[in-house]
Amino acid sequence: MKSLPNLVEIEINSACNRKCSYCPNSISKRVETGDMEEKTFIRIMDQLGEYNYSGKISFEFYNEPLLSRNFLNYTKIARKKLPNAILVLYSNGTKITSKEKFKEIQDAGIDYFYITKHENEEDYKFDEVYKTLSRDDSSFIEYRNFDEIDLYNRGGLLEVITSKEDTSNLPCSIPTNNLTITLKGNVVSCFEDYEQNFVLGNVNETHVIDIWNSLEYKEFRKDLKDGKRHLYENCKDCDRIDKNMKKEIKTNNKHFLGDEELAAIKRVFEKGNTYRYQMEESECAAFEREFSEKLGFEKSIIITSGTNALVAGLLAVGVGPKDEVIIPSYTYIATAAAVLTVGAIPVVVNIKSDMTISLEEISNAITDRTKAIIPVHMDGVQCDIEAIVELAAKNNLSVIEDVAQAMGGKFNGKYLGTFGDIGCFSLNRDKILSCGEGGIVATTRADLREKLLCITDHGYSFNPLHKDEFSTIKPFLGLSMRVSDISGAIMRVQLEKLSKIQEAYRERKEIFLKELSQIGDNFEIIAARDSAGDCCTSIHINCKAPDRAMILSKKLLQHQIYSIPVTLRNAHCVWKWKDMLGAGASSDDRLNPFLNTDKKYSYSKAFFLDSLDILMSTLKIDIDVTKDIDEVRSMARSVALLCEKTE
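So the working numbering is basically just the index in the sequence shown, starting at one, shifted up by 499.
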């Protein structure tokens, strides 16, 4: 299957009415001049149309597109031949002299405008035009001054611009995303290749997608991503660092890990003791105390994983062989695995349209064997937790909250995890806070404290330092879920950063919510039950039909926006677990709960059609706190535009 570029830049004309110090036009003669022939432009559109291209199209290469006599005509042709593409205009704005002119360009088919006010501008009319536009119209414009954008040396052509850092061995992902076509149809290596030093083909001779997928082009893109700029004359002196590359090199750090964590680890090493139990308060003990105080728990214990937190919680409330535990159809398999580990049977029920467990389905699933409910705040979305706890109390059932993906989330001002008998958290790399791997089991019930100490550490009661901690129960053998004091030290710092991390998620999700507030009748943003307590780690788009979700997903992927129908996630839907639930799924049949019961259980899709329809119709987009605000806004606007173009 042939790949497609995310952006196709087409030089429809060579004219420019500005001579800026940071543009090659000011110092070097253009290789080609004039206007692109209509037959060449149509050939490009037809070639892209053969692949139902839905990426971005722009009409510039160091030119002012609005000076082209063909601009409106070419825009209309592109709009007709590529109805799903996003047409963007990069312009200096000097030719947009009225609101009517803006509307004419928009009506021709331009979806989004990037207007840059260049240096030494006088009597700049677009300033006034911009002020007259409605809020809806201005939302399709990114308006900026030239000093607000990053300036580069254009492949080494501009000596006046000096690089702030040595980029000679840094990777570049721009050729991976963008394809640039000149007036005469040449496909050049990059939009920085002003002098056309590296031409990979011509669209008048070879199909543009065949050029893009040629071995030479693929090797070039790979070399640039691998940091081999020195192999190419037009790249070796280039100082451009694109935003995606900055993220790869400098951050990709959604947990804001930094010097503070390093100092905490050093503190542990300097003590010369990495064990979690020490004569004085250990880092683990300090974290547990601070976590309990912050969220409102009687006792918290940092352990090896969120899965083990569920196991410990189930054991603490007395769940065991032949018991039933109600869980949702949409959760990670760890939820079901924890139930099976303690010898119980997971009873799976449907979710509601908001992606959380259905209260009605819970009520209908309760039997005389039911011992507990595990409501999961999946993807950071709050369950109807107060109603679930109330239902559980009426039926004398325990509630173990799975808060693996909702650390710091609240409902009605109260932290998630503190509503039920037990709160279970994960600290692995995918979660809101992390020490690499780990979990927390916590309880608001004083009577479960001693049980959890035994369950999570089989040697706890044998330690002379702990002999006086058991007054309500007789110590018993448990499991080994201890972590080192290094984990505790890291998590103390991470806990201090929780509010900062939450604010970063919230700021970015609010941008998405604003940009997607009017995406049409075919789509609906799934709202948080309590927006003030939302974790803001993801946004869910209900596409109201599975086929529409798949179409939109493919379009988003072409724009490097990862979002697949939720049902395609590897291990997050009940029907994906069927081979792990039933006879033959345990390491030893004697440990298999399904072979020790007289009741039949089924996990086929046929029993979860409501969940299947919801999950197949819903796309999940993760909020990425490593992206800056401009990137997030651009991404959100792309999503909004693609929604508008998807019927």
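Cβ coordinates follow ideal geometry from the N, Cα and C atoms, glycine included.
- One Cα belongs to F558, the other to P523, and the distance between them is close to 18 angstroms.
- Remark: C-beta atoms of L794 and C923 do not approach each other more closely than 9 angstroms.
- C-alpha of L588 to C-alpha of Y561: approximately 13 angstroms in a straight line.
- In this model, S986 and S804 are separated by some 12 angstroms (Cα to Cα).
- Just so you know, the alpha carbons of D725 and E1023 end up roughly 40 angstroms apart.
- In this structure, A815 sits near I954, with a CB-CB distance shorter than 9 angstroms.
- Of the residues L699, S672, C671, P670, the one whose Cα lies closest to the Cα of T681 is L699.
- Note: T681 is not bridge-paired with any residue in the DSSP secondary-structure output.
- If you look at R1007, you'll find it in the alpha helix (DSSP H) that goes 997-1014.
- Going by DSSP, N701 is part of the beta strand (DSSP E) stretching over 698-701.
- Per DSSP, reduced to three states, the secondary structure at E531 is coil, with no helix or strand assignment.
- CA-to-CA, the gap between N569 and S637 works out to about 25 angstroms.
- The shortest CA-to-CA distance from S688 to any of I710, E704, T705, H706 is the one to I710.
- DSSP places E823 in the strand class (E or B) of the three-state scheme.
- Taking a contact as a CB-CB distance under 8 angstroms, the pair T596 and N516 does not count as one, their CB atoms being some 13 angstroms apart.
- I1128 is classed as exposed because its beta carbon has fewer than 16 other beta carbons within 10 Å across all chains shown.
- In the DSSP assignment, L547 falls within the unbroken alpha helix (DSSP H) covering 537-548.
- Taking 9 angstroms as the cut-off, the beta carbon of I844 is found closer than this to the beta carbon of E823.
- Judged by DSSP in its simplified three-state form, H729 adopts helix.
- Following the DSSP letters along the chain, one finds L947 in no alpha helix (DSSP H), marked with neither H nor E.
- By the neighbour-count criterion, in which 16 or more other beta carbons inside 10 Å mark a residue as buried, H729 falls on the exposed side.
- Take A905, set aside five residues on each side of it, and the residues of its chain with a beta-carbon closer than 6 angstroms to its own are H876, G879, L915, C1034, in chain order.
- Counting along the chain, the unbroken beta strand (DSSP E) around E641 starts and ends at 640-644.
- Sequence-distant partners of D1029 (beyond 5 residues in either direction) whose C-beta falls short of 8 angstroms from its own C-beta, in its chain, are Q881, K909, F910, N911.
- When Cβ pairs closer than 8 angstroms are counted between the two stretches, the segment 1060-1071 is seen to touch the segment 828-835, the count reaching three or more.
- With contacts defined as CB atoms closer than 9 angstroms, N1021 and R991 fail to qualify as a contacting pair.
- Non-local beta-carbon contacts of V767 in its own chain, meaning distances under 7 angstroms to residues more than five positions away in sequence, involve T773, E782, D984, I985, A988 in chain order.
- The alpha helix (DSSP H) runs of length 4 or more contained entirely in the segment 934-993 are, from start to end of the chain, 948-955.
- N677 and D883 have their C-alpha atoms some 45 angstroms from each other.
- Under the DSSP assignment, S1110 falls in the alpha helix (DSSP H) whose first and last residues are 1108-1115.
- Within the model, the alpha-carbon separation for K870 versus K1144 is close to 49 angstroms.
- If you check the CB distance, I865 and L896 come in under 9 angstroms.
- Residue Q1001 holds the alpha-carbon nearest to the alpha-carbon of A1031 among E603, H1058, Q1001, E732.
- Distances from the alpha-carbon of I509 to those of K602, S527, K683 put K683 closest.
- Between the segment 544-553 and the segment 576-585, the count of C-beta pairs closer than 8 angstroms reaches three or more; the two stretches touch.
- Looking at C1142, Y1004, L978, the one whose alpha-carbon comes closest to that of I1018 is C1142.
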